[in-house]
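Novice: Residue numbering for the sequence shown follows the working numbering, starting at 4 and increasing by one per position. The beta-carbon is built from N, C-alpha and C at its ideal position, and this holds for glycine as well. Keep in mind it's a predicted model, so treat the numbers as computed, not measured.
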Amino acid sequence: MSMQIASASHTGNLRKRNEDRLFVSSLTDGELLLAVADGMGGAPQGEKAASIAVECLHEMQNLAAPPQQKLKALMLKAHNAILRYGRSHSGNDGMGTTMTLCLVHKGVVNWAHVGDSRLYRYHKNKLYLLTTDHRFVESMVRDGDMTIAEAKRHPFRNILDQSLGCPEIDPDYGAAALDQGDILLLCTDGLYDEVPFSTIEKILLEESDLQEKINKLLYSALNCGGKDNITIIVASYT
């Protein structure tokens, strides 16, 4: 079995800068490391935060450790690096980034997640969301204090509970065995806030290569408004 990968990042229709970053690396022991990061705090602070996070992955990608321990170390390294930068450079209050990070090895995907970038698994013609958005409104929906419809209209719907660079983080971790034909989709909110779940699922279902799927996802996000930066990684287990 092997992984086929395609990726893209686009500024979108309205933003002047791209504060998203992505990371794809095949490691020496057969592991595959994938990540998307969505900087926040306004350009250039958000752009810098996302860049710092990805730089930390470059520095520590060959760390020898079990998958979950490795992901925890990578998350903590990126978080602390952003905090240090913010403290040593004035005018960086609120600097931070989301991070959705995957480690694929021997048919198993392990992931770590902070913020509202997402990891999906396309499995047997169905699309499944594997991560939970760390958004203020998501917490209220889970606690029964708000309906999903209310959350979609709430003025604070894009406010995060946590991100790399905030005072404290509590990342989510998970793992799943992959089957032949499964597709992993990592993306920032510039995709899923614009493109309906059903459309994303339909594009992944189509008989097309990964780059064509990426192109269709990106076109759909731009055609639906493209109000934010859009970053996508698609990895197929074949």
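1. Report yes if the C-beta distance between L74 and N113 is below 8 Å; otherwise report no.
2. With V39 and I236 assumed to form a contact (beta carbons below 8 Å), what rounded beta-carbon distance in angstroms separates them?
3. Determine the direct distance from the alpha carbon of F139 to that of S120, and round the result to whole angstroms.
4. DSSP beta-bridge partners for S211?
5. Does DSSP classify G42 as helix, strand or coil?
6. With DSSP run on the structure shown, which of helix, strand or coil describes K129?
7. Determine the closest residue to I172 out of M6, V117 and E204, with distance taken between C-alpha atoms.
8. Rounded C-beta distance between E22 and E50? I'm assuming under 8 Å.
9. Evaluate D162 with the Cβ neighbour count: other Cβ atoms within 10 Å of its Cβ, from every protein chain shown; 16 or more gives buried, anything less gives exposed.
10. Using only alpha-carbon positions, find the residue among D136, K219 and L66 that is nearest to L106.
11. Just to confirm, is the Cβ distance from Q183 to Y240 under 8 Å?
12. Which residue marks the beginning of the alpha helix (DSSP H) containing H61, and which one marks its end?
13. Out of I206, C169 and D41, which has the shortest C-alpha to C-alpha gap to H13?
14. Taking three-plus beta-carbon pairs below 8 Å as touching, is the region 215–227 in contact with the region 185–200?
15. Cβ atoms of T191 and T234: under 8 Å apart, would you say?
16. Which of helix, strand or coil does DSSP assign to S29?
17. Compare the Cα-Cα distances from L25 to each of L17, A52 and I151 and report the closest residue.
18. Enumerate, from N- to C-terminal direction, the unbroken beta strand (DSSP E) stretches of 3 or more residues contained entirely within the region 152–231.
Specialist: Working from what's here:
1. To locate residue 74, count along the sequence shown from 1; it is residue 71. To locate residue 113, count along the sequence shown from 1; it is residue 110. Their beta carbons are under 8 Å apart, which means L74 touches N113 by this criterion.
2. In the sequence shown, residue 39 corresponds to position 36, counting from 1. In the sequence shown, residue 236 corresponds to position 233, counting from 1. Contact holds; Cβ gap of about 6 Å.
3. Position 117 of the sequence shown, counted from the start, is the residue given in the question as residue 120. Position 136 of the sequence shown, counted from the start, is the residue given in the question as residue 139. When rounded, the distance between both Cα atoms is 14 Å.
4. Numbered from 1 along the sequence shown, position 208 holds the residue referred to as residue 211. Answer is none; S211 lacks a bridge partner.
5. Numbered from 1 along the sequence shown, position 39 holds the residue referred to as residue 42. Strand at G42.
6. Translated into the one-based positions of the sequence shown, residue 129 becomes position 126. Reduced to three states, the DSSP call for K129 is strand.
7. Counting from 1 along the sequence shown, the entry for residue 172 is found at position 169. It is V117 whose Cα lies nearest to the Cα of I172.
8. One-based indexing of the sequence shown puts residue 22 at position 19. One-based indexing of the sequence shown puts residue 50 at position 47. Indeed, because the Cβ distance is near 4 Å, the residues count as touching under 8 Å.
9. Taking the first residue of the sequence shown as position 1, residue 162 is located at position 159. First, the amino acid is wrong: residue 162 is Ile here, not Asp. Exposed is the call here.
10. Stepping through the sequence shown from its first residue, residue 106 is reached at position 103. Comparing Cα-Cα distances from L106 to each of D136, K219 and L66, the minimum goes to L66.
11. What you label residue 183 is simply residue 180 of the sequence shown in a count that begins at 1. What you label residue 240 is simply residue 237 of the sequence shown in a count that begins at 1. Against a cut-off of 8 Å, the Cβ pair of Y240 and Q183 comes out as a contact.
12. Position 58 of the sequence shown, counting from 1, holds the residue named residue 61. Segment Q48 to M63, the alpha helix (DSSP H) holding H61.
13. On the sequence shown, residue 13 is found 10 positions in, with the first residue counted as 1. Checking every option, the nearest Cα to that of H13 belongs to D41.
14. yes
15. Working through the sequence shown from its first residue, we reach residue 234 at position 231. Working through the sequence shown from its first residue, we reach residue 191 at position 188. In this structure, T191 lies closer than 8 Å to T234 by Cβ.
16. Here residue 29 refers to the residue found at position 26 of the sequence shown. Three-state result, S29: strand.
17. Numbered from its first residue, the sequence shown carries residue 25 at position 22. When only C-alpha atoms are compared, the closest one is A52.
18. 175–180 and 186–190
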